[in-house]
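A quick write-up on the structure given underneath.
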Amino acid sequence: MSQQQSVHTTTWPQRHRETFGELAVWLKALKLESPTVLEVGPGAATRLLSRHIRAGEGQDLSWWANRLRAGLRNLDGLLRRLPWTALYSYEPMELRDVLPSGSKLIVADISTRVIEAIREQSPDVEARVFDFSARAFDRPVDVVVCLCVLVRAAEGNKMFSNLYHSLKPGGLFVIDNRSRSNFGTGDLPLERLSSQVWRKPGP
Ligand SMILES: C[S@@+](CC[C@H](N)C(=O)[O-])C[C@H]1O[C@@H](n2cnc3c(N)ncnc32)[C@H](O)[C@@H]1O
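Going by our numbering, the letters in the sequence shown line up with residues -19 to 183, in that order.
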């Protein structure tokens, strides 16, 4: 199955709630009231199981709830291989809920199936099939959100650089700590604002 057709590991609802909350705080503090936000690699679950996969961090769930969720995620991974299975992507909807009302949300993923699902879920979100290992986005944005993508990607270094160059000077980069420390370099400086929110130097 090609990368454009496949959808990687199953995510779960509200996986990044805390980080999205941090982003909302920083947008307010920096008075970014109508930012253009580019979300990269939201992933998706099958629509059939998406309502049954539990939210929450593993340590907050009981042993049984964790086992059940792991089982559902495995089953979801199998069902997702069937190309006609409908998908549901949690992240863009959860991110949209915390953004200021004047924001523009763009979602990009290499998988055509993820992008088709997002277009169907929410026609007001601009959803694009895009490969960030090949190039930076067409126009620089105020915020890039890319969580738990690079650590599983074949070309993490190239992707990090292309994401960085998709950001305006002074823009916010929301990235998981593992990706930041594995692929970030001194040539691409970032100032840490909070746990997973960084700022590109600029005006
Ligand atoms: C592991 S999922 C991450 C899901 C979600 N962000 C999370 O934290 O649970 C990785 C996602 O990144 C996408 N992806 C992988 N390589 C990519 C690339 N080069 N350009 C754009 N998206 C990519 C995959 O299609 C998939 O939807």
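The C-beta atom is built at its ideal place from N, Cα and C for all residues, glycine as well.
Bear in mind that the values here come from a model prediction, so they are computed numbers and not experimental data.
Point to revise | With 16 other Cβ atoms within 10 Å as the buried cut-off, status of H32 | key: Locating residue 32 in the sequence shown gives position 52, counting from the first residue. Burial call: exposed.
Review point. With 16 other CB atoms within 10 Å as the buried threshold, where does Q176 fall?
Key: Looking up residue 176 in the sequence shown gives position 196. Per the 10 Å Cβ criterion, buried.
Exercise for review: Determine the direct distance from the alpha carbon of L29 to that of D56, and round the result to whole angstroms.
Suggested key: Here residue 56 refers to the residue found at position 76 when the sequence shown is read from its first residue. Here residue 29 refers to the residue found at position 49 when the sequence shown is read from its first residue. Whole-angstrom Cα-Cα distance: 7 Å.
Check your understanding: Relative to ligand 1, is the shortest distance from any of its heavy atoms to the C-beta of G21 smaller than 7 Å?
Key -> Taking the sequence shown and counting its residues from 1, one reaches residue 21 at position 41. Yes, the Cβ of G21 comes within 7 Å of a heavy atom of ligand 1.
Practice item. With a floor of 4 residues, list each alpha helix (DSSP H) that falls wholly inside the stretch 15 to 83, ordered by position along the chain. Key: 27 to 30, 43 to 60 and 70 to 78
Practice item. May I have the straight-line CA-CA distance separating V123 from M139, to the nearest angstrom? Key: Here residue 123 is taken as the residue at index 143 of the sequence shown, counted from 1. Here residue 139 is taken as the residue at index 159 of the sequence shown, counted from 1. Each residue's alpha carbon lies about 16 Å from the other.
Check your understanding: Who are the near neighbours of G108 in its chain, counting only those whose CB is closer than 6 Å to its CB and skipping five residues on each side?
Key -> The count along the sequence shown starts at 1 and reaches residue 108 at position 128. For clarity, residue 108 is Arg in the given sequence; the question names Gly instead. The answer, listed in chain order, is A88.
Point to revise | A133 to S174 span [Cα, whole Å] | key: Residue 133 sits at position 153 when you count from the first residue of the sequence shown. Residue 174 sits at position 194 when you count from the first residue of the sequence shown. Computed Cα separation, rounded: 24 Å.
Exercise for review: Name the two residues that bound the continuous beta strand (DSSP E) containing I155.
Suggested key: Position 175 of the sequence shown holds residue 155. Element bounds for I155: L147 to I155.
Review point. With C-beta atoms as the reference, is P(-7) less than 8 Å away from A50?
Key: Your numbering for residue -7 matches position 13 in the sequence shown. Your numbering for residue 50 matches position 70 in the sequence shown. Contact: no.
**Study point:** Contacts around R99, its chain only, beta-carbon distance under 6 Å, and the 5 residues preceding and following it disregarded
**Key:** In the sequence shown, residue 99 corresponds to position 119, counting from 1. These residues qualify, in order along the chain: A107.
Check your understanding: In whole angstroms, what is the alpha-carbon distance linking R179 and L48?
Key -> For the purposes of this step, residue 179 is taken as the residue at position 199 of the sequence shown. For the purposes of this step, residue 48 is taken as the residue at position 68 of the sequence shown. Answer to the nearest angstrom: the Cα atoms are 38 Å apart.
Practice item. With a floor of 4 residues, list each alpha helix (DSSP H) that falls wholly inside the stretch 101 to 139, ordered by position along the chain. Key: none
Review point. Under a Cβ-count criterion, where at least 16 other Cβ atoms within 10 Å of its own Cβ denotes burial, should P169 be classed as buried or exposed?
Key: Locating residue 169 in the sequence shown gives position 189, where the first residue counts as 1. Result: exposed.
Check your understanding: When every heavy atom of ligand 1 is checked, does at least one fall within less than 7 Å of the C-beta of F110?
Key -> Reading the sequence shown from its first residue, position 130 is the one you call residue 110. Yes, the Cβ of F110 comes within 7 Å of a heavy atom of ligand 1.
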